[in-house]
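2 protein chains.
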Amino acid sequence: MFEINENYLQLNESYLFSTIARRVEIFSAAHPEADVIRLGIGDVTLPLPPSVISAMHSAVDEMADKATFRGYGPEQGYSFLRDKIAEIDFRQRGVKISPDEIFVGDGSKSDTGNIGDILGEDNVVAITDPVYPVYLDTNIMRLGKSSKIVMLSCGEENGFLPEIPSQRMDVIYLCYPNNPTGTVMNRQQLKQWVDYALRNKSLILFDAAYEAFIRDEEIPRTIYEIEGATTCAIEFRSFSKNAGFTGLRCSYTVVPKTLITESVNGKEISINALWNRRQSTKFNGTPYIVQKAAEAVYSPGGQHEVGEMVAYYMRNAEIIRKGLAEKGWTIFGGENSPYIWLKCPNGMDSWTFFDRLLEECHIVGTPGIGFGTQGEGYFRLTAFNSYERTAEAVKRIKEWE
Amino acid sequence: MFEINENYLQLNESYLFSTIARRVEIFSAAHPEADVIRLGIGDVTLPLPPSVISAMHSAVDEMADKATFRGYGPEQGYSFLRDKIAEIDFRQRGVKISPDEIFVGDGSKSDTGNIGDILGEDNVVAITDPVYPVYLDTNIMRLGKSSKIVMLSCGEENGFLPEIPSQRMDVIYLCYPNNPTGTVMNRQQLKQWVDYALRNKSLILFDAAYEAFIRDEEIPRTIYEIEGATTCAIEFRSFSKNAGFTGLRCSYTVVPKTLITESVNGKEISINALWNRRQSTKFNGTPYIVQKAAEAVYSPGGQHEVGEMVAYYMRNAEIIRKGLAEKGWTIFGGENSPYIWLKCPNGMDSWTFFDRLLEECHIVGTPGIGFGTQGEGYFRLTAFNSYERTAEAVKRIKEWE
Chain Y
0 MFEINENYLQ
10 LNESYLFSTI
20 ARRVEIFSAA
30 HPEADVIRLG
40 IGDVTLPLPP
50 SVISAMHSAV
60 DEMADKATFR
70 GYGPEQGYSF
80 LRDKIAEIDF
90 RQRGVKISPD
100 EIFVGDGSKS
110 DTGNIGDILG
120 EDNVVAITDP
130 VYPVYLDTNI
140 MRLGKSSKIV
150 MLSCGEENGF
160 LPEIPSQRMD
170 VIYLCYPNNP
180 TGTVMNRQQL
190 KQWVDYALRN
200 KSLILFDAAY
210 EAFIRDEEIP
220 RTIYEIEGAT
230 TCAIEFRSFS
240 KNAGFTGLRC
250 SYTVVPKTLI
260 TESVNGKEIS
270 INALWNRRQS
280 TKFNGTPYIV
290 QKAAEAVYSP
300 GGQHEVGEMV
310 AYYMRNAEII
320 RKGLAEKGWT
330 IFGGENSPYI
340 WLKCPNGMDS
350 WTFFDRLLEE
360 CHIVGTPGIG
370 FGTQGEGYFR
380 LTAFNSYERT
390 AEAVKRIKEW
400 E
Chain C
0 MFEINENYLQ
10 LNESYLFSTI
20 ARRVEIFSAA
30 HPEADVIRLG
40 IGDVTLPLPP
50 SVISAMHSAV
60 DEMADKATFR
70 GYGPEQGYSF
80 LRDKIAEIDF
90 RQRGVKISPD
100 EIFVGDGSKS
110 DTGNIGDILG
120 EDNVVAITDP
130 VYPVYLDTNI
140 MRLGKSSKIV
150 MLSCGEENGF
160 LPEIPSQRMD
170 VIYLCYPNNP
180 TGTVMNRQQL
190 KQWVDYALRN
200 KSLILFDAAY
210 EAFIRDEEIP
220 RTIYEIEGAT
230 TCAIEFRSFS
240 KNAGFTGLRC
250 SYTVVPKTLI
260 TESVNGKEIS
270 INALWNRRQS
280 TKFNGTPYIV
290 QKAAEAVYSP
300 GGQHEVGEMV
310 AYYMRNAEII
320 RKGLAEKGWT
330 IFGGENSPYI
340 WLKCPNGMDS
350 WTFFDRLLEE
360 CHIVGTPGIG
370 FGTQGEGYFR
380 LTAFNSYERT
390 AEAVKRIKEW
400 E
């Protein structure tokens, strides 16, 4: 009888967002008149901007003509896109990343999930708690529920930021601006992690999917603003949240050529070469039309349009923050992030608060416990609904007894 | 110091097609006047058909409007596509596969590469030789160059089909119509493998990426035409070759709900549930516009158009087959497949023949040795160039001394 990867049996059966969907479904069936507002899942609601739409129509037309049709593209992504990324996301911010250090992918979920393919099984892996479930689940898939997976507790007492560990961690997942807490690390805080990684020869996996929401100049937009990071960090970026690509699927991963480790027998290993081998073998590139869409994000018109989209969502974040603060609730995030993390009032646990918010205000959010044990007693709201619906939700909460 | 997956160090450094590209580049630089015809890599050349183009323009317009915009889709694929696949690719051929047994992906390279994620490391894995390199490389990535990877020799003496092994194999990769040899298995031959798998409780990973090229009614179009296959086989399908989606990226994987194994402690395990967990955690779905493009393939117009595309390529295959046969060369495949596998004349080895064909006829093909040791002395040509270029290539070969 053929065998399965038994680590999968150690995963939690039910996935957070399907549990939420089921509870909402049951509620809506019992209360068909209820006007439910969804501030739960982190999906965008604004349509794709005009520059992106126009670029896609042109790309589709290219695919219709033998002379301009594109078949297999480079697994790493087309130069037209990698060049733009290197120039606008990095060089213009004073950071030197070359196009061949950039790997275009089909989403940060795939990229952060697949990165484990190239890592050894003896690494001690540090993951924050609360956390985006993909980091944890994909490590359980690789390693089982192992003592090699260490959770870094992020509680209210330290502003939901992890403390530098006293022992050595080989691989550290960091996501800032954070999902789910909406918290950020300033330059000094991130530098402590880079210094830790350099000292311990650790690898930082830095998820910067929400960098477009940073407003504060003190917050680094990329980990490579920190000296030494190109020798210890991989950065993940996404077009999902800044440009509305959740249904279009495009991301990129930066693997600097200066990121080197050693094999067990002391041979120098380029992580860039390793990831390139993984992508060339198990991936066949992001669709041409999607890469043309991503390229359009970097045009002057595209930059203006995505700037407006982000500003729209950040206005939502602001009215949520203000409303909840006026209500007297304790809140985190929402200033450089589309996520607002709140402490459930009156000592309620996450799921009780979820149920009461749904039943009494007809609002869907995400229970903090769904992101880890340290999330118990907290709750995530997102800024991705429309302004009108967000304002209505805040009004309901403010009038709630 | 963090550790890597050391299995990667056991992979061959250079990838077949990049080696070929380099040799062609060197030749072309030295002979800028040479009109090189490429019958090497298996990429299509015809543009996307009108139904697909039209569906994509509509889908792009939907993404521009708040009312019809689509964000995150189901990781398994949209129902509109899974329903069509179940109906047209299976039910209309008398095979019962339900939509929730179908997982839409971004390409068979990803799907066949990622399937190993859910398999245990103690399985004995059988892979044919010669073979599409992805099966072998992804297993080396997981297991290293292990004795658990067994190569099934496919030589000229058995028509390049593997013999049923005498010992037990847990997992068996089969690809028919075959890449690279262009050979096929008839119903009786495939039944022997299904029976073997049922007897040994093995898993067959059946790559049917080239099923659209089957002309002969005796050749099964899906492994599920064979009784019992839904309890022992996963099938991989692609839109790349039948509909020209190599640059668009869409595929699907069939994991029947009746495909069950046991965990080490005797618990029944649904492979469908396991793959669903893998895809939900490490993948975020194929782009909506690409799934709408794939749906259009199943419209009456789309079916007619892709039928014509396949017929166009099969005309190329026929002129290659006929031309080489008239030349007196020994050939395989090309009748139910876009690949022609030829025995290098005069006992030449694969790379010698590659060089001579390039230098003397200015034609690029793929050396059989690149697909495994049993490919030495053989050579692959593809039918994916234009009719005119293919005819010119055949003419050059026929006039070759």
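So the protein lines, in turn, are chains Y and C. Residue 109 in numbering that gives the first Met the number 0 sits at position 110 of the first sequence; the count goes up by one each step and never skips. Residue 358 in numbering that gives the first Met the number 0 sits at position 359 of the second sequence; the count goes up by one each step and never skips. A virtual CB, placed ideally from N, CA and C, is assigned to each residue, including glycine. Quick caveat, the model's predicted, so the values are computed rather than measured.
Nearest Cα to Y14 of chain C within the set Y:N384, Y:T280, Y:D110: Y:T280. Within the segment 47-108 of chain C, the complete beta strand (DSSP E) segments at least 3 residues long are 101-104, listed from N- to C-terminus.
Looking at the DSSP output, K190 of chain C shares a beta bridge with no other residue. Scanning chain Y for C-beta atoms nearer than 7 angstroms to the C-beta of H30 of chain C yields nothing, as the closest lies near 25 angstroms away. Contact between the segment 64-84 of chain C and the segment 214-221 of chain C is not established, with fewer than three Cβ pairs separated by less than 8 angstroms. Look at K266 of chain Y here: in three-state DSSP terms it is coil, with no helix or strand label. Taking a beta-carbon distance threshold of 8 angstroms, K65 of chain C counts as an interface residue toward chain Y. A residue is called buried when at least 16 other Cβ atoms come within 10 angstroms of its Cβ; P366 of chain C meets this threshold and is buried. Below the 7 angstroms Cβ cutoff, chain Y contributes no neighbours of P176 of chain C, its closest Cβ being approximately 19 angstroms away. Beta-bridge analysis with DSSP links Y172 of chain C to C:L204.
Taking the CA atoms as reference points, A125 of chain Y sits about 22 angstroms from P219 of chain Y. Under DSSP, the beta-bridge partners assigned to A232 of chain C are C:I203.
Against chain Y, the beta carbon of I3 of chain C has neighbours under 8 angstroms at I117, L118, G119, T260, S262, I268, I270, L273, listed in chain order.
The CB of Y71 of chain C comes closer than 8 angstroms to the CB of I40, D42, T245, G246 in chain Y, given here in chain order. Look at I225 of chain Y here: in three-state DSSP terms it is coil, with no helix or strand label. Taking a 10 Å sphere around the C-beta of G306 of chain C, we find fewer than 16 other C-beta atoms and assign the residue as exposed. Rounded to the nearest whole angstrom, the CA to CA distance from V103 of chain C to P48 of chain C is 21 angstroms. DSSP lists C:S250 as the beta-bridge partner residues of S237 of chain C. The beta carbon of L202 of chain C sits closer than 8 angstroms to some beta carbon of chain Y. Excluding residues up to 5 positions away in sequence, F238 lie with their Cβ nearer than 7 angstroms to the Cβ of F244 of chain C in the same chain.
Annotation for V124 of chain Y: the continuous beta strand (DSSP E) segment containing it runs 124-128. DSSP, read as helix, strand or coil, puts M308 of chain Y in helix.
Around the beta-carbon of R90 of chain C, fewer than 16 other beta-carbon atoms lie within 10 Å, marking it exposed. When DSSP states are grouped into helix, strand and coil, I213 of chain C belongs to the coil group.
DSSP places M150 of chain C in the strand class (E or B) of the three-state scheme. Straight-line measurement puts the Cα of G158 of chain Y at about 12 angstroms from the Cα of N185 of chain Y. The alpha carbon of L189 of chain C has as its nearest neighbour, out of C:A211, C:A232, C:G327, C:V149, the alpha carbon of C:A232. The C-beta distance from I19 of chain C to G39 of chain C rounds to 6 angstroms, short enough to meet the 8 angstroms contact threshold. Counting only Cβ-Cβ distances below 7 angstroms, D194 of chain Y has no contacts in chain C at all, with the closest Cβ about 16 angstroms away.
Around the C-beta of V296 of chain Y, 16 or more other C-beta atoms lie within 10 Å, and the residue is accordingly described as buried. For R276 of chain Y, the neighbours in chain C by C-beta distance under 7 angstroms run, in chain order, Y7, L10. With 16 or more other CB atoms across the displayed protein chains lying within 10 angstroms of its CB, G115 of chain Y is buried. The segment 131-139 of chain Y and the segment 262-279 of chain Y do not touch, with fewer than three beta-carbon pairs separated by less than 8 angstroms. Judged by DSSP secondary structure, T182 of chain C falls outside any alpha helix (DSSP H); it is assigned neither H nor E.
Listed along the chain, the chain Y residues whose CB falls inside 7 angstroms of the CB of V170 of chain C are F1. A contact is defined here as three or more CB-CB pairs under 8 angstroms, and the segment 305-321 of chain Y fails this definition with respect to the segment 357-366 of chain Y.
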